[in-house]
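With our numbering, the residue at position 29 of the sequence shown is 32, and numbering never jumps.
Built from N, CA and C at the ideal position, the CB exists for glycine as well.
First comes the structure, then the notes that go with it.
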Amino acid sequence: MLLVVSAVVAGWLWLAGGEPLQAAAQPEVREAPEPFSAQKRAASKEMAAHWEAHGQMRIGSFERPETVPAYDVLDEQRGARDGARGAWLMIDTRSHSEEDYVLITRHVKAEYAELDAVSVEFVDAGSTPFYRGGALIFNTVAGANYIGYIYGPPNNEGYYVEASG
């Protein structure tokens, strides 16, 4: 067996011919495009200032719904990052439907309109499982970025609600 393996290896070496290995050809190198040139950055800052001056930086409606299911804010934490102000809320409610969570979210959006972003965790302290869903509220473009939507707000409503099973 050793003799067969040695013969195969010797055959490969003989076929290689003892020539030096050739390096791969160097690829053509060109400059990378600059997607955010100084000119585009200046223009976008100018446009943002224009929108802010005309009140167009806000996302969604800030009107309170006529009826809202009962809820209590159990915990609230506020923070700021990159010029955006946000809050995290833990809300206790007996409601478990996504429609009720949307009503609560719209009410919270109106209550916290001065902030750029709000993250909500819906819980039911009187039952198991404890966690029932969540909502992300983005009142401004900066708030959407604060939450993690780096390519801009995902919709024009200004919130995203998810109820867990």
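Residue i - partner residues in DSSP beta bridges
i, result
"G82", "G89"
"S122", "W91 and L139"
"R2", "The first residue shown for the chain is 4 and the last is 168, placing residue 2 beyond what the model contains."
"E165", "G137"
"D75", "D95"
8 Å contact criterion, which residue i and residue j should meet: CB distance rounded
i, j, result
"Y134", "V126", "6 Å"
"A138", "Y162", "6 Å"
Short Cβ contact (8 Å threshold) for residue i with residue j
i, j, result
"E101", "A166", "yes"
"P156", "V164", "no"
"G89", "V111", "no"
"P72", "T96", "yes"
Residue i versus the options, residue with shortest Cα-Cα distance
i, options, result
"L77", "A83, G129 and L118", "G129"
"N142", "A10, M60 and L5", "M60"
"A2", "V11, I150 and M93", "Not covered by the structure: residue 2. The range shown for the chain is 4 to 168."
"I153", "D85, L118, Y104 and S98", "D85"
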